[in-house]
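Written out below as structure tokens is the structure these notes cover.
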Amino acid sequence: MEEGFPFVYPVSDFLMTFFGLVLFAVDVILDVQLVVSFYEEKAFVWMGVVVFLLLVSSGIVQLFSCLWYYADSQMLESVAENCMRKRHILVLTHLLHLAVPLRYVSLLDISCRNFRSKNPYLEGVAVYLNHDLSMLRLFETFSESAPQLVLMIVIYIQKHELSLLTCLKALCSAGAIAFSVAMYHRSMRSFLPAKEKQGFGSSVVYFVWNLLLIGPRVVALALFACVLPCHTAVHFVSLWLPLVLWAWMQGTDLMDNLAGEWLFRAAIGLIWYFSWFNVAKGGSLWRSIIYHSFTMVDVGFLLGLWWYWQEEQREPHVICSTVLSCYILGLVLKVIYYKWFHPRKPVLRTTLDILEFSEDEVDFRSLPLTPDVGATPSVEAGRVVPIMVNKRMRNLAVNFYSPSAEPERGGAPLT
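So the sequence shown is numbered by the working numbering: it starts at 643 and just counts up by one.
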């Protein structure tokens, strides 16, 4: 086992996990207050939209969490998770929509035990759980936080005023998007033995270009919803279905069964409605070009409809040009990231497992993983210590760092 493994779970990751729990709790409180506020104002349409988004988002997260717990039942280590070995308790817990709190509590429990005992196995479990949690929060972000941010912008535009609750909810949604994107990138970087070679600057650039690409998309959808609210659902479905089909055509391979894989493809279609997310190895450059070209056209189309149907003089040309300029700037920063911050010249030796870095090269090395858990032995102080490898995040990291189908053109692939 190369130096740098097993995975490490530093105090900084623990603090970010705790901050994520606080952000999640604040988000839940604001959601409840927002629903109550809409009810008191008799704004039943907005209340219904918020409740619908909450139920759909939570339902997606519960399904993924339940499937992953069922697949990983033999490696549950925390006190809170031990009861999940019983199937009826597992199902009941997720029917009560307690997946995210349970996973946060379990991760904090394992982390504290690891800090006290300095146990490499527990540290690996903590990283494993953190990877699952980062994926769940990513799904939650694009099924709840991003649509809610669209709704908050619509409310602000239509009411011409910004209440404290609406402002807080918008900030919380934006914060959730930023945090989940940053944590996802951090989780993928953990598969690099020389993690520090992708330093803090790479995460900043990664976050900024994602913000500049997601922001204009959200604003364009909000402006479109202001003038043609009933057509927003039609627009979503007309794009989501082809995006799910595109995910299927790319041959995604994240889940353990066909039903779970289609659930993942449906979630990917939802994420793609707002932002690009690479789900397959190779050829990522052209897939990214196709996606961003189509998205820019769609953003322009939405802005054009808003310009045509809006009744008030709000200098629409300024708004439209600003939104499109931000999106183009995001694309420029994305190119900069892959030119100077992303690992370049990858060499693919196998389709499996951990990423091993030299100075500027990615190398895929196969490890003898067990089918479900992804535990592989390592020598630690003269004894064998199983190392937990989250195969789901591993596969996503392989996709993120995999070579493009056109390596001879130089540079790193866009993912």
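Where is the CB? At the ideal position from N, CA and C, for every residue including glycine.
- Under the three-state reduction of DSSP, E765 is assigned to helix.
- Around the CB of A901, fewer than 16 other CB atoms lie within 10 Å, so the residue is classed as exposed.
- Annotated three-state conformation of T894 is coil, per DSSP.
- Bounds of the alpha helix (DSSP H) holding A1039 are 1033 to 1043.
- The Cβ-Cβ distance between P858 and V965 falls below 8 Å.
- In its chain, beyond the 5 residues on either side, S776, L780 have a beta carbon closer than 6 Å to the beta carbon of Y826.
- Taking V921 as the centre and dropping the five residues before and after it, the same chain places the C-beta of A889, Q892, T894, I910, N1041 closer than 7 Å to its C-beta, in chain order.
- Taking C-alpha positions only, L793 is separated from P762 by approximately 45 Å.
- Segment contact: the region 847 to 856 against the region 966 to 979, three or more CB-CB distances shorter than 8 Å; contact assigned.
- The alpha carbon of K981 has as its nearest neighbour, out of Y950, L927, V678, C868, the alpha carbon of L927.
- Shown here for H773: same chain residues with a beta carbon closer than 8 Å to its own, the five before and five after excluded, namely S829, S832, N1032, R1034, M1035 in chain order.
- DSSP, reduced to helix, strand and coil, places P789 within a helical segment of the structure shown.
- In the structure shown, the three-state DSSP call for N920 is coil.
- Within a 10 Å sphere around the beta-carbon of Q790 sit 16 or more other beta-carbons, which makes this residue buried.
- Assignment of D714 by DSSP, reduced to helix, strand and coil, places it in the coil class.
- Taking 8 Å as the cut-off, the Cβ atoms of F821 and L665 count as close.
- Looking at the backbone, the Cα of V747 and that of C754 are separated by about 11 Å.
- Following the DSSP letters along the chain, one finds H736 inside the alpha helix (DSSP H) bounded by residues 729 to 737.
- With respect to the 8 Å criterion, L971 and L863 are not classified as neighbours on the basis of their beta carbons.
- Selection L912, T808, G766 evaluated against V674 yields T808 as nearest (Cα-Cα).
- Contact annotation: the region 927 to 937 does not touch the region 795 to 811, with fewer than three C-beta pairs closer than 8 Å.
- Taking the Cβ atoms as the reference, C962 lies roughly 5 Å from L945, within the contact range of under 8 Å.
- Contact between L749 and L771 is confirmed by a C-beta separation of about 5 Å, below the 8 Å threshold.
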